[in-house]
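Undergrad: Have a look at this one.
In my numbering, the protein residues as written are 42 to 348.
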């Protein structure tokens, strides 16, 4: 198998590690920018190229897009002609427009297999919660994710990374689209949505550092709160039902029901990247299933961007 990666940052390296854990023979190529600073950041086992002409594109099995979100639109537009399956790091785009809609439609028309990477769909506690809720009488759902942006990338000025910069497509609502994605995966599309964004914290960044969503369904509502400024990280999903309350701690990978632990897993976040990549290669690459393809991911993105 041959894989072409566009964008070789920290998240790409996680996907590379996942590929290497699979029991397959894989050649990994990274399309890099042709400047000396980038050339110094090599990754073991990855062949660097600086132009698409350096490789026979027909031999590539799929393309992994993990460059900055603001570059996704142009990147996908340029490689569409190769008609190769796409593994795209979330979110799909940094903005929504008629042009992004047209590109999604073009991918659909060409029948190009695609997956937008939201690895929390492979977190075992959320998978188990989905099973537990099949027959539940849900009254309300409260989702929360708060962490401290300056701690995300130690040694790097957080104000310079894309997460903090609105012009690069950054913002907590985009970075933590995982929360919106798994709510959509668990419950489907909401009937009515409301949202509020701000950047009023002491972080002093141009991008949104707070987001609050209310998704209203026919028989219950979902509250989603996201922030960049909480120093004691918290990532939870609370589901209040007629029988009791489920509390998922995504950081601990556990589920409590009425305060009692009913599920716990030793699965790590790195394991979710492995499970995600295995699912992609076994099921999406051969076009067996459609799972968070560009159409679905675009729907979630539009819900995310609604103001």
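C-beta atoms are modelled at their ideal positions from N, C-alpha and C, and glycine is treated no differently.
1. Is the segment 200 to 209 touching the segment 287 to 306, taking contact as three or more C-beta pairs under 8 angstroms?
2. Helix, strand or coil, according to DSSP, for residue 307 in the structure here?
3. Where does residue 187 sit, in a helix, a strand or coil, going by DSSP?
4. Restricting to Cα atoms, I'd like to know which of 130, 147, 228 is closest to residue 177.
5. Going by other Cβ atoms of all chains shown within 10 Å of its Cβ, with 16 needed for buried, is residue 77 buried or exposed?
6. Could you pull the start and end residues of the beta strand (DSSP E) that residue 70 belongs to?
7. Could you tell me which residues DSSP puts in a beta bridge with residue 87?
8. Using DSSP with H/G/I as helix, E/B as strand and the rest coil, what is residue 209?
9. How many Å lie between residue 143 and residue 299 at the Cα?
10. As a quick exercise: from 98, 92, 166, 136, pick the residue whose alpha carbon is nearest that of residue 112.
11. For residue 136, does the three-state DSSP call read helix, strand or coil?
12. Classify residue 196: buried if its beta carbon has 16 or more other beta carbons within 10 angstroms, exposed otherwise.
13. For the segment 102 to 117 and the segment 299 to 309, state whether three or more C-beta atom pairs, one from each stretch, are separated by less than 8 angstroms.
14. To the nearest angstrom, report how far apart residue 153 and residue 242 are at their CA atoms.
15. Per DSSP, residue 233 is paired with what?
16. Under three-state DSSP, which class holds residue 289?
17. Which same chain residues, not among the five before or five after residue 314, have their C-beta less than 6 angstroms away from its C-beta?
18. Taking the CB atoms as reference points, tell me whether residue 245 and residue 238 lie closer together than 8 angstroms.
19. What residue from 240, 288, 44, 88 has the CA that sits closest to residue 170's CA?
20. Assuming residue 73 contacts residue 88 (C-beta within less than 8 angstroms), just tell me the rounded distance between them.
TA: In terms of the structure at hand:
1. In short, these stretches do not touch, since the Cβ pair count stays below three.
2. Here the question's residue 307 lines up with position 266 in the chain shown. Coil.
3. Position 146 of the chain shown, counting from 1, holds the residue named residue 187. Of the three classes helix, strand and coil, the one that applies to residue 187 here is strand, per DSSP.
4. On the chain shown, position 136 is the one that residue 177 refers to. Nearest C-alpha to residue 177 among 130, 147, 228: 228.
5. Position 36 of the chain shown, counting from 1, holds the residue named residue 77. Any reading at residue 77 is ruled out, since the residue's pLDDT is 39, under 50, leaving its predicted position unreliable.
6. Taking the first residue of the chain shown as 1, we reach residue 70 at position 29. Note, residue 70: beta strand (DSSP E), 68 to 72.
7. What you label residue 87 is simply residue 46 of the chain shown in a count that begins at 1. Note: residue 87 sits in a beta bridge opposite 69.
8. For the purposes of this step, residue 209 is identified with residue 168 of the chain shown, where counting begins at 1. Residue 209: helix per DSSP, three-state reduction.
9. Locating residue 143 in the chain shown gives position 102, counting from the first residue. Locating residue 299 in the chain shown gives position 258, counting from the first residue. Their Cα atoms are separated by approximately 47 angstroms.
10. Here residue 112 corresponds to residue number 71 of the chain shown, with the count starting at 1. Per the C-alpha coordinates, the member of 98, 92, 166, 136 positioned closest to residue 112 is 136.
11. As a first step, residue 136 must be located in the chain shown, where it is residue number 95. DSSP places residue 136 outside both helix and strand once states are collapsed to three, so it counts as coil.
12. Position 155 of the chain shown holds residue 196. By the 10 Å Cβ count, residue 196 comes out exposed.
13. With the cut-off at 8 angstroms, the segment 102 to 117 and the segment 299 to 309 do not touch.
14. On the chain shown, position 112 is the one that residue 153 refers to. On the chain shown, position 201 is the one that residue 242 refers to. Near 42 angstroms, if we compare the C-alpha coordinates of residue 242 and residue 153.
15. Indexing the chain shown from 1 puts residue 233 at position 192. Answer is 257, bridged to residue 233.
16. Indexing the chain shown from 1 puts residue 289 at position 248. In this structure, residue 289 counts as strand in the three-state DSSP scheme.
17. Residue 314 sits at position 273 when you count from the first residue of the chain shown. The residues are 55, 59, 160.
18. Your numbering for residue 245 matches position 204 in the chain shown. Your numbering for residue 238 matches position 197 in the chain shown. At a Cβ-Cβ threshold of 8 angstroms, residue 245 and residue 238 do not count as neighbours.
19. Residue numbering aside, residue 170 sits at position 129 when the chain shown is read from its first letter. Considering only alpha carbons, the answer is 288.
20. Counted from its first residue, the chain shown places residue 73 at position 32. Counted from its first residue, the chain shown places residue 88 at position 47. By a beta-carbon distance limit of 8 angstroms, residue 73 does not contact residue 88. Their separation comes to about 10 angstroms.
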